[in-house]
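Novice: Can you read through this structure? Questions will come right after.
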Amino acid sequence: MKQSLLFVPTLREMPKDAEISSHKILVKGGYIKQHAAGIYTYLPLAYKIIKKIENIVRDELDKIGCSELLMPAMQSKDLWMESGRWEVYGKELVRLKDRHDREFALGPTHEEVITSVVRDSINSYKKLPLALYQIQNKFRDEFRPRFGLMRGREFIMKDLYTFHVNEESLDEWYLKVKQAYINILDRMGLTYRIVGADSGQIGGSASEEFMVLCDIGEDLIAYSDESDFANNVELCKLNEGDPSPDGKGTIKHAKGIEVGHIFKLGTKYSDSMKLNFVDVDGVKKPVVMGCYGIGISRLIMAILEQHNLDLKVLWPSEVSPFKIHFIPMDKEGSLGYEKGFEVYQSLLNKGYEVLFDDRNESAGVKFNDADLIGCKYRVISGRKISDGILEVRNLEDNSVSMMTIEEVLNYSFN
RNA sequence: CGGGAAAUAGCUCAGCUUGGUAGAGCGCUUGGUUUGGGACCAAGAUGUCGCAGGUUCGAAUCCUGUUUUCCCGACCA
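If you count by the working numbering, then the first sequence holds residues 8 to 421, one letter each, in order.
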């Protein structure tokens, strides 16, 4: 974990500004560093996880026919005037001027830009439907940023926009995207519910939120203990113990973290920004739109909240920064270290992602940091290395086995 | 934006009530001893006490303003 290999600046003391466990882990474990309220650097460990999360998202969206692009974060005022949101969005919109005093906003979301991008080329029903997404830093000047990455002023979001000839096509895509979201959250090992929601600032008709169940969530949801039924308490007014409206089970309350939100926008932006197409009947019509967000940086916290026990972490395998955490107990130059380094290299050559703790730290320091880093397998090269024996721990089933080097190299870590 | 707490070494904090040369632990550097869950000994380095005014012979400490951070609420999604 020397700088040359990986910069993981773990802390010994508990960070004073962190209250919730995921935030404590991220700061203490050297995953993130705060820059200002709600603004963070993603250090290598967190960035590795972010890239894995992003790639799961990409994988599932590409499968259903979406294509990725990248739009500007800095957006001219003109577009925001067109949609009317320059005035409506309020103080949360980060505004700035260039050297010529021209006004810009830092994008909190991209309906305006995407609409302007497609409106010149989408002029016929033959070019629809269309689904475009990006993964990008978003800016929202929140009144009260909090809980580390949970509510930031600059954060990473995936935003997808779909374009359709009519409501039926939108409905069909809405369901496809919803299923993709289900696949995405399942792959990340999350326990969550899908709830009906208000569409708020973004506008439009139907919308649903993907809420990861956990105590530090900012929303209160009511859900059935025996079915998929769930709704925001504010909207459904169901009390604990009430029978579930779908007839299955009784209502329980839980807090939730909103990690995804899907909307049927309808023609809100196509109307105001004149995104029209000529339909098969020769009539000019507004494009029907949908938009769908996933809070990428927020997902790290949501996953951590559900996958730590007393600040000991076990990342779900698809997002784990490494498969194997290799710990030599002795310092550089010792048999345990050098032999261990060879095994580490061989494991790398076999295609495993392995973290090798090459620091001259005591066992306690290494183990404590390893608990924060949370890889499923921990391979330890210690006192039995002279007999060619390594210890392999599986944090998932809590097993410990002693293996020869050859056994380790032939073991299937998954 | 209302309420609360805080800002002193890289980190966690003490000192402030009652003004008088800037402190501890951890970390860091050097040397030695250790080595399976945050080791030990010795020697070192490290500060615009958030910032700006004011009071005073003298301010980390008292007063005023200001900035920043965290928490609760409201707001937002």
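All C-beta atoms in this analysis are idealised placements derived from N, C-alpha and C, irrespective of residue type, glycine included.
Helix, strand or coil for residue 122? Go by DSSP, reduced to three states.
Specialist: Helix.
Novice: If you draw a straight line from the C-alpha of residue 25 to the C-alpha of residue 34, how long is it?
Specialist: About 8 Å.
Novice: Given residue 78, which residues of its chain have a CB within under 8 Å of its CB, disregarding the five upstream and five downstream residues?
Specialist: Closer than 8 Å at Cβ, skipping near neighbours: 114, 117, 120, 121, 124, 141 and 143.
Novice: For residue 297, write down the residues that DSSP places opposite it in a beta bridge.
Specialist: Beta-bridge pairing links residue 297 to 169 and 271.
Novice: Buried or exposed: where does residue 112 fall if 16 or more other Cβ atoms within 10 Å of its Cβ makes it buried?
Specialist: Counting Cβ neighbours within 10 Å, residue 112 comes out buried, since at least 16 surround it.
Novice: Could you please give the first and the last residue of the uninterrupted alpha helix (DSSP H) stretch that includes residue 371?
Specialist: 370–380 is the span of the alpha helix (DSSP H), which, as asked, contains residue 371.
Novice: Quick check: residue 301 and residue 266, are their CB atoms within less than 8 Å of each other?
Specialist: Yes; because the gap between Cβ atoms is below 8 Å, this pair is in contact.
Novice: Quick check on the DSSP output: the alpha helix (DSSP H) that includes residue 88 runs from which residue to which?
Specialist: Here the alpha helix (DSSP H) through residue 88 covers 84–90.
Novice: State the start and end residues of the unbroken alpha helix (DSSP H) segment that holds residue 424.
Specialist: This structure cannot settle anything about residue 424, because the visible part of the chain is limited to 8 through 421.
Novice: Could you tell me if residue 404 is buried or exposed, where buried requires 16 or more neighbouring beta carbons within 10 angstroms of its beta carbon?
Specialist: With fewer than 16 other Cβ atoms within 10 Å, it is exposed.
Novice: Which residues mark the beginning and the end of the beta strand (DSSP E) in which residue 110 is found?
Specialist: Its beta strand (DSSP E) spans residues 110–113.
Novice: Could you pull out every residue in the same chain whose Cβ sits closer than 8 Å to the Cβ of residue 259, ignoring the five residues on either side in sequence?
Specialist: Cβ within range, chain order: 229, 230, 231, 232 and 247.
Novice: Name the residue from 319, 217, 186 and 213 whose alpha carbon lies nearest to the alpha carbon of residue 197.
Specialist: Answer by Cα proximity: 217.
Novice: Could you tell me whether the Cβ atoms of residue 277 and residue 293 are closer together than 8 Å?
Specialist: In this structure, residue 293 lies closer than 8 Å to residue 277 by Cβ.
Novice: What whole-angstrom Cβ distance do residue 400 and residue 390 have, given they're in contact under 8 Å?
Specialist: Going by Cβ atoms, the distance from residue 400 to residue 390 rounds to 15 Å, so no, they are not a contact pair.
Novice: Check whether the segment 327–341 touches the segment 177–195, counting contact only when three or more Cβ pairs, one atom from each stretch, lie closer than 8 Å.
Specialist: Output reads no: the segment 177–195 does not touch the segment 327–341.
Novice: Here's the rule: buried if 16 or more other CB atoms are within 10 angstroms of the residue's CB, otherwise exposed. What is residue 82?
Specialist: Buried, by the Cβ-count rule.
Novice: Pick from 295, 378, 321 and 296: whose alpha carbon is nearest that of residue 307?
Specialist: The shortest Cα separation from residue 307 among 295, 378, 321 and 296 belongs to 321.
Novice: Which runs of the beta strand (DSSP E) fall wholly inside the segment 130–211 and span at least 3 residues, in chain order?
Specialist: The qualifying runs are 137–146, 161–171 and 199–203.
Novice: Are the segment 37–47 and the segment 154–173 touching by the rule of at least three beta carbon pairs closer than 8 Å?
Specialist: Result yes; three or more Cβ-Cβ pairs closer than 8 Å.
Novice: So what does DSSP say about residue 398, is it helix, strand or coil?
Specialist: If DSSP states are grouped into helix, strand and coil, residue 398 belongs with the strands.
Novice: With DSSP as the reference, identify every bridge partner of residue 263, one or two as the case may be.
Specialist: Partner(s): 220 and 226.
Novice: Note down, in chain order, each residue of its chain lying with its Cβ closer than 8 Å to the Cβ of residue 382, except the 5 sequence neighbours on either side.
Specialist: Counting only Cβ-Cβ distances below 8 Å, and skipping sequence neighbours, we find 322, 327, 328, 329, 330, 331, 332, 362 and 402.
Novice: Go through its chain and collect everything with a Cβ distance to residue 131's Cβ below 7 Å, but skip five positions before and after it.
Specialist: Closer than 7 Å at Cβ, skipping near neighbours: 284 and 285.
Novice: Under 8 Å, do residue 71 and residue 187 count as touching if we go by C-beta distance?
Specialist: Yes, the Cβ-Cβ distance between residue 71 and residue 187 is below 8 Å.
Novice: Strictly by DSSP, which residues pair up with residue 279?
Specialist: For residue 279, which the question treats as bridged, DSSP gives no partner whatsoever.
Novice: Could you have a look at residue 305 and say whether DSSP puts it in helix, strand or coil?
Specialist: Helix, per DSSP.
Novice: Which value, in whole angstroms, describes the spacing of the CA atoms of residue 6 and residue 107?
Specialist: One cannot answer for residue 6 here, as it falls past the ends of the chain, which runs 8 to 421.
Novice: Here's the rule: buried if 16 or more other CB atoms are within 10 angstroms of the residue's CB, otherwise exposed. What is residue 128?
Specialist: Exposed is the call here.
Novice: So what does DSSP say about residue 15, is it helix, strand or coil?
Specialist: Residue state, collapsed to three classes: coil.
Novice: Is the distance from the Cβ of residue 226 to the Cβ of residue 319 below 8 Å?
Specialist: No, these two residues do not count as a Cβ contact at 8 Å.
Novice: Is the beta carbon of residue 27 sitting closer than 8 Å to the one on residue 150?
Specialist: Against a cut-off of 8 Å, the Cβ pair of residue 150 and residue 27 comes out as no contact.
Novice: In the DSSP assignment, the alpha helix (DSSP H) including residue 53 goes from what residue to what residue?
Specialist: It spans 51–70 - the alpha helix (DSSP H) in which residue 53 sits, taken as one unbroken run.
Novice: So the beta strand (DSSP E) residue 238 belongs to, where does it begin and stop?
Specialist: Note, residue 238: beta strand (DSSP E), 237–239.
Novice: In angstroms with no decimal places, state the Cα-to-Cα distance between residue 275 and residue 268.
Specialist: Spanning the two alpha carbons is a distance of roughly 17 Å.
Novice: Once the 5 residues before and after residue 315 are set aside, which same chain residues still bring their CB inside 8 Å of it?
Specialist: These residues qualify, in order along the chain: 28, 29, 32, 321 and 381.
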